[in-house]
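Sequential numbering of the sequence shown, starting at -10, is according to our numbering. Backbone N, C-alpha and C fix where the C-beta goes; we use that ideal spot for every residue, glycine too. One structure is given here, and the rest of the page talks about it.
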Amino acid sequence: DKRTILVTGATSGIGLATAKALAGMGAFVIGSGRSVERCQKAEALIRRDYPDSRVTYLTADLSSQQQIRHLARDIRSILVKTFEKPVLDTLINNAGAFYSRYTETEDGIEATFAVNHLAPFLLTHELFPLLAASEEGRVVTVGSGSHFHAKMKWRDLQLHRFYFGWNAYKQSKLGNVLFTHEFNRRFRQKTGIRAFVADPGLVQTPIAMKQSGFIVKTFWKHHIKKGALPEEGAKTSIFLATDPNPLK
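Encoded structure:
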């Protein structure tokens, strides 16, 4: 596979499994994560299992719009240096977060909405020219079936009036679906870029273990025992990123 693919949130869980599988298939993979140390470990793990893989990792905190723009700049720089014709064939917006308590980013935005929805929106915008330069550009955003139970609080997107972590998460995932639908309506015919939302189902990931209190952590620890392994959860994103005709 000669595709150039970016996977965000690629240091653990579904993201790492996705990046590892794509690298093993021969794609040029750029992974991103918040921690330099975790990025280094993830890249080393992939290179250990696939010594000939083409993989590199970049560090960015996707709750920060400034860092998202810096990430896009660094990706452009890597592709210009590596390829005669710099293109990004697939962007996999995998990074996600769950905050059990109301948290604001440095930009003054509710953190769940910022990381899960606005970050994919902004990163897609910043990388749009590289995606449009591909013969079959794709944007794959990892969503959640929880969006079926969500409503957009248009008059209070920041959930200032009442914050409940699960509602914030569901709203952000509904945002992913609405974004994907509108992206295809505006750009698919004009540019050939296709956008998808991937629902991996319940997967054994630590998403609710990082910014949550004791009760949520305890619930999630037991709840995910029913879930699939990350390698299984990654299959939908991998399929949408690589299949010649994923809508057949």
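Under 8 Å between C-beta atoms of residue i and residue j
i: E73; j: A157; result: no
i: Y46; j: S21; result: yes
i: F168; j: H106; result: yes
i: I57; j: L112; result: yes
i: T180; j: N83; result: no
i: R43; j: V18; result: yes
i: F102; j: L146; result: yes
Environment of residue i [buried if 16+ CB atoms lie within 10 Å]
i: P52; result: The residue asked about is misnamed: residue 52 is Ser in this sequence, not Pro. It is buried - the Cβ of S52 has at least 16 other Cβ atoms within 10 Å.
i: A230; result: buried
i: D78; result: buried
i: D50; result: buried
i: L218; result: exposed
i: P233; result: exposed
i: A33; result: exposed
Nearest-angstrom Cα separation, counted from residue j out to residue i
i: G4; j: F228; result: 14 Å
i: Y91; j: K142; result: 15 Å
i: L68; j: I81; result: 16 Å
i: Q29; j: A122; result: 29 Å
i: V129; j: R150; result: 32 Å
Segment limits, beta strand (DSSP E) that includes residue i
i: R27; result: Unbroken run through R27 is the alpha helix (DSSP H), 25 to 38; no beta strand (DSSP E).
i: A184; result: 183 to 187
i: L47; result: 43 to 48
i: R127; result: 127 to 131
i: S21; result: 17 to 22
i: T79; result: 79 to 82
Whole-angstrom C-beta distance between residue j and residue i, which should lie under 8 Å
i: A(-1); j: A223; result: 10 Å between Cβ atoms; not a contact.
i: G85; j: V131; result: 7 Å
First and last residue of the uninterrupted alpha helix (DSSP H) at residue i
i: Y88; result: Element bounds for Y88: n/a, residue is neither H nor E.
i: I57; result: 54 to 71
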